[in-house]
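In my numbering, the protein residues as written are 12 to 265. The beta-carbon is built from N, C-alpha and C at its ideal position, and this holds for glycine as well. In this text, all values refer to a predicted model and were calculated from it rather than measured experimentally.
Structural data, given as structure tokens:
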């Protein structure tokens with residue numbers, strides 16, 4: 012009887028922030044992989060604290076609250092607690108994907124809209140059919156988040172505003188050590204375009220062959236292609252989908 016797990020012995024680099032890696036690491040371990048945590052980006056609250064609190068203190072001026080990432084939910088919760096604010100009952104909410112929705116539900120907010128395909132473009136399409144003229148929309152995002160939702164809503168003359176709650180910065184230092192970790196892996200996982208960008212910039216001076224790149228999201232995969240490489244794409248755009256993409260690839264390689 013063969014008890015070998017599908018990713019047995021595969022070294023898989025986990026490049027997301029360490030504090031957010033635990034559930035993905037467990038998933039990899041359950042499938043026999045050897046996770047190696049090597050964060051490529053770090054998050055911190057946006058510096059315009061008073062502006063943020065001023066906006067969040069008047070949420071009753073808005074009809075919709077849009078979350079484009081799970082990180083946006085986490086920082087939203089933190090700032091709401093800091094200001095001792097509550098979410099008005101009348102406000103409707105939307106989440107870009109299932110993980111963002113789960114974070115919202117964890118703070119007792121049930122999203123009204125989740126797109127079938129977890130991307131800003133799909134969320135924008137859903138919102139375009141749901142938001143009425145005259146309604147006001149507040150989009151919660153990070154400093155590097157794409158503006159697909161904002162642009163789409165403004166294109167159809169819906170009043171949308173953006174509020175940046177957190178900043179996304181590349182990790183600095185230990186470049187030689189981190190490059191070695193990257194090159195020693197079988198797979199490198201990218202969960203966002205900014206992570207892919209930071210990682211591929213680090214590899215610019217390294218010599219191929221490189222490990223297999225595995226991406227969450229079409230936009231992340233497009234970032235990889237911009238550097239001249241191909242990457243596996245998770246279906247759906249979740250950690251589970253990422254693991255399945257790597258398993259399918261590993262099976263083909265055997």
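Residues bridged to residue i (per DSSP)
i, result
"residue 180", "53"
"residue 171", "148"
"residue 249", "Answer is none; residue 249 lacks a bridge partner."
"residue 224", "199 and 242"
"residue 124", "105"
Buried versus exposed call for residue i [16 or more other C-beta atoms within 10 Å across all chains shown]
i, result
"residue 12", "Below a pLDDT of 50, predicted positions are generally treated as unreliable, and residue 12, at 47, falls in that range; the measurement from the model is reported next regardless. Counting Cβ neighbours within 10 Å, residue 12 comes out exposed, since fewer than 16 surround it."
"residue 130", "buried"
"residue 197", "buried"
"residue 220", "exposed"
"residue 82", "buried"
"residue 242", "buried"
"residue 97", "exposed"
"residue 225", "buried"
"residue 191", "exposed"
"residue 261", "buried"
"residue 140", "exposed"
"residue 33", "exposed"
"residue 208", "buried"
"residue 99", "exposed"
"residue 24", "buried"
"residue 80", "buried"
"residue 153", "buried"
"residue 62", "exposed"
"residue 167", "exposed"
"residue 203", "buried"
"residue 246", "exposed"
"residue 118", "exposed"
"residue 228", "buried"
"residue 189", "buried"
Boundaries (first-last residue) of the alpha helix (DSSP H) holding residue i
i, result
"residue 206", "204-213"
"residue 137", "131-141"
"residue 29", "Premise fails: residue 29 is in no alpha helix (DSSP H) and is neither H nor E."
"residue 229", "229-237"
"residue 14", "Counting along the chain, residue 14 falls outside any alpha helix (DSSP H), and DSSP gives it neither H nor E."
"residue 159", "159-166"
Where the beta strand (DSSP E) containing residue i begins and where it ends
i, result
"residue 200", "198-201"
"residue 24", "22-25"
C-beta neighbour in chain D for residue i, strict 7 Å
i, result
"residue 90", "This model lacks chain D altogether; it includes just one protein chain."
Distance between beta carbons of residue j and residue i, contact taken as under 8 Å
i, j, result
"residue 134", "residue 66", "That pair is no contact at about 21 Å."
"residue 37", "residue 206", "19 Å between Cβ atoms; not a contact."
"residue 105", "residue 77", "5 Å"
"residue 109", "residue 157", "About 19 Å separates the two Cβ atoms, so there is no contact after all."
"residue 22", "residue 195", "6 Å"
"residue 52", "residue 180", "7 Å"
"residue 115", "residue 122", "5 Å"
"residue 50", "residue 182", "6 Å"
"residue 48", "residue 69", "Going by Cβ atoms, the distance from residue 48 to residue 69 rounds to 40 Å, so no, they are not a contact pair."
At which residue ranges does the region 31-108 contain complete alpha helix (DSSP H) runs of 4 or more residues, listed in the order of the chain? Listed in chain order, the complete alpha helix (DSSP H) runs (minimum 4 residues) inside the region 31-108 are 33-41, 60-67 and 81-94.
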